[in-house]
Structures are given as C-alpha cells and as structure tokens.
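Below: the structure, in structure tokens.
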Amino acid sequence: MSDFTDAALALRRGKRPGRPASAMARREARWGYAFISPWIIGFVLFWAVPIGASLVFSTLDFQLTDPDATSFAGGSNWERALSDPDTWTSLAATFRFTVLFLPLSLVVALGLALLLNSKHLKFTGLFRLLFFMPSMIPLVAGILIWQQVLNPQTGWVNRLIGLTGADASGSDGIRWFDNPVLVLFAFSFIGLWGIGNSMIVNLAGLQGIPTELYEAAEIDGAGWWRRLRTITLPLLSPVMFYNLVIGSVLVLQYFVVPWVLFGASGRPGGASRFLLVHFYQEAFVFGNMGYGAALAWLIFIVVAVLTGLLFGTARYWVHYGTER
C-alpha cells in the first residue's frame, strides 16, 4: 500500500499522518532525549546562560571590585566601545594580522598536504607525524620556544639569515619583537608551527578525490598544474572553505601569543594589542565587566559578519559533489 493511501486512511479514521501512534515510538523518543540530555544541559548551563548573562551585563555599570554598586547603564557601554580609540586600534591590529596570516596559513597547509599526498614521496607516515607533532605541544611552551628561536643575538632564524651575508645576528641583529611590522611575521611563524590540524584535514580531502579523474587527465595530456587547477582545487573547495571559516574565527580571537609575550602593553607600537587582548584587559584586569561584555558582543558581531560574508560568497567558488 502506498504512502498516499496510508495517509488517506489515517485521515478518514481521524488520525494525523506522520504522528507516532505506538507506545514503542514514544518510548524510543524518550530514550533519545535521555541520551542527548547531558549535551542539552551542558549547552544551557555553559553556553546559553552565559551568553544571555553577558548581554545583560553589557547594559550594566558592573565593576568586579564593587559589585554592590552595580547600576543600569543602558547603551553607554556600547557607545563607549564604539567611540573608544583603543577599540578601533585593536580592531585594526587584528585585521592586519588576519590579512597576513590567514592566506599564508591556508596556502602552507595546502602545500604540505599536496606534498604528503604525492606518490613520489617516501616515508610519508614519518613526515605526517613530524609535521603534525608541533600542534600537540602546549601553546605557551611553543611560544617560549619561539621567543628563543627569534632571539636577535642567538636565535637560529637570524643565524640562517646571516648565512646569506646579511648582518642579522649579534648586537645589531633583527629584532622581531621590537618592530611593529616584523612582529606580525613573528606571530605568523608561531602560528605556522601549529598548522598540523589544517594540513591533516586537507590531506583527508585530497585522499577522497577519485584517482580515476587524475588518470583520465593524464591520458588527455594534462600536466600537474592543469590537474591541480581543474580537478584538485574544485573538488577540494569544500575542505578549503571549512579551513577558511575555522581559521577566520580563530584568528579574530587571537589572544594567547600576544598576551604571553607582551601582556596588555600593545608593544611594539600597538601591533600586539588585538581585539581580544583589549577585551581581556578591560574585563579582567580593570574589572569593567559591563564594558567588557559590550566588547565581547562586539567581537561576536565582527566574527558573525565575516562568517556570513564567507558563506555568502561560497556559492561562487565552493563546489560539492552533488552539484552540476
């Protein structure tokens, strides 16, 4: 009997089609809700309630040092956030680093994945392990390691540059952490050291591309660059889009590296005063929780707008296997 006939008979008997009619179905539904209830409880307690509370705090004059003096501030915290020069300075520093590091990290992660996926490379398992291992090192430990690697006098990066004949090490060595431009490259070096996750995701996407397409292209005389441009990149575009969205969200919340190296000083020249550093200083150092909550929502809005723009442009360059 067809689904249409079943629905017609159910309507004739006064029952709504698609509604669970048996006790077994209701029991299965209750068990399903029971199994997902820990996630629901965790989401409500640790995500929904704090998000709602931060929105309420953004309308209050709330000081951690004197919580009893809390008063309603209306939209003054938002006005202060939008008129504060430090907010726009930190936002500009965040976007400068995003423009530099995000494309660089995507290209390097894809390049490493292409290298590890090559049939001409020997000991691929060992190289995958070596490239992925730095991402497993605690971030603070990695920062302290790179602080010595980029030391102007004894760091091996300056020593390698000195092999070209440049005066890069010693008392007049390149000071990566004292120059507003070079410090962004120093942050990028530290970030590239931990792109193992993006590399593995790209590698998984590459291994999911049917080899028959490459074989047919080789028979037609397509070279490596032609195969990369017409087969690899289009079929890998969903994975690249995923890495782009995740990378954008993470880089706009860049905090640990500049905070460990410079704290809230913003040196050199305000280049390390990122938006999340500005938020942390106002909320947890100065205790201005109301103003800090407004800054947190400002960060959320910036991330949401950028993510929305990325999803809006995805239809022009992201190709899925089910599409023509």
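Taken in order, the sequence shown gives residues 1 to 324; the numbers are from UniProt numbering.
For glycine and all other residues, C-beta sits at the position ideal for the given N, C-alpha and C.
Asked, Found
"State the Cα-Cα distance for the pair Met1 and Gly32, rounded to the nearest angstrom.", "Residue placement at Met1 is poorly supported in this model, since its pLDDT is 46, which falls under 50; the coordinates still yield a value, given next. When rounded, the distance between both Cα atoms is 30 Å."
"By the DSSP assignment, the alpha helix (DSSP H) with Val181 in it spans what residues?", "From DSSP, Val181 is part of no alpha helix (DSSP H); its letter is neither H nor E."
"Starting from the C-beta of Thr307, find all residues in its chain whose C-beta is less than 8 Å away, skip the five residues before and the five after it, and write them out in chain order.", "Val245, Ser248 and Val249"
"For the structure I just gave you, are there three or more beta carbon pairs, one from the region 296-312 and one from the region 212-226, closer than 8 Å?", "no"
"Does Asp167 come out as helix, strand or coil in the three-state DSSP assignment?", "coil"
"Do Val303 and Ser90 have their beta-carbon atoms positioned less than 8 Å apart in this structure?", "no"
"How far does the alpha helix (DSSP H) with Thr124 in it extend, from its first residue to its last?", "Thr124 to Phe132"
"Counting Cβ pairs, one atom from each stretch, are 3 or more of them under 8 Å apart for the region 82-101 and the region 249-259?", "yes"
"Three Cβ pairs or more, each shorter than 8 Å: is that satisfied between the region 269-283 and the region 119-139?", "no"
"In this structure, does DSSP put Phe72 in helix, strand or coil?", "strand"
"So, does the region 147-158 touch the region 61-74, judging by three or more C-beta pairs under 8 Å?", "no"
"Identify which residue in Val318, Leu275, Tyr316 and Tyr320 has its Cα closest to the Cα of residue 345.", "Since the first residue shown for the chain is 1 and the last is 324, residue 345 is missing from the structure and cannot be characterised."
"What does the alpha-carbon distance come out to for the pair Ala48 and Leu213?", "46 Å"
"By the DSSP assignment, the alpha helix (DSSP H) with Leu275 in it spans what residues?", "Leu275 to Tyr280"
"For the alpha helix (DSSP H) that contains Thr307, what are its first and last residues?", "Met289 to Trp317"
"Looking at the unbroken alpha helix (DSSP H) that takes in Ala204, where does it start and where does it end?", "Gly196 to Gln207"
"Please determine, among Gly292, Val260 and Trp297, the residue with the shortest C-alpha to C-alpha distance to Pro138.", "Val260"
"So, at 7 Å on beta carbons, what are the nonlocal neighbours of Leu184 in its own chain, with the 5 sequence-adjacent residues on each side left out?", "Arg96, Phe97, Leu100 and Ala271"
"Got a sec, what are the start and stop residues for the alpha helix (DSSP H) Gln63 sits in?", "Unbroken run through Gln63: none, as it is neither H nor E."
"Identify which residue in Leu129, Arg30 and Gln207 has its Cα closest to the Cα of Leu235.", "Gln207"
"Please report the distance separating the alpha-carbon of Phe300 from that of Asn243.", "19 Å"
"In this structure, how does DSSP classify Phe255 when only helix, strand and coil are distinguished?", "coil"
"Using DSSP with H/G/I as helix, E/B as strand and the rest coil, what is Ile137?", "coil"
"For my contact list, residue 343 and Ile231 are in at a C-beta cut-off of 8 Å; report their separation, rounded to the angstrom.", "Not covered by the structure: residue 343. The range shown for the chain is 1 to 324."
"Please report the distance separating the alpha-carbon of Phe131 from that of Arg159.", "23 Å"
"Can you give me the Cβ contacts of Thr87 inside the same chain, cut-off strictly under 8 Å, excluding the 5 residues immediately before and after it?", "Ala81, Leu275, His278, Leu295 and Leu298"
"Indicate the three-state DSSP secondary structure (helix, strand or coil) for Ala264 in the structure shown.", "coil"
"Below 6 Å CB to CB, which residues in the same chain sit around Phe4 once its five sequence neighbours on both sides are set aside?", "For Phe4, the predicted structure reports a pLDDT of 46, less than 50, and the residue's modelled location is therefore unreliable. A value from the coordinates is still provided. Correct list: empty, nothing qualifies."
"Between the Cα of Glu282 and the Cα atoms of Asp68, Asn77 and Met24, which residue gives the shortest distance?", "Asn77"
"Output the distance between the C-alpha atoms of Met136 and Phe284, rounded to the nearest integer angstrom.", "28 Å"
"Could you give the DSSP three-state label for Asn117: helix, strand or coil?", "coil"
"Rounded to the nearest angstrom, what separates Leu112 and Leu126 at their Cα positions?", "13 Å"
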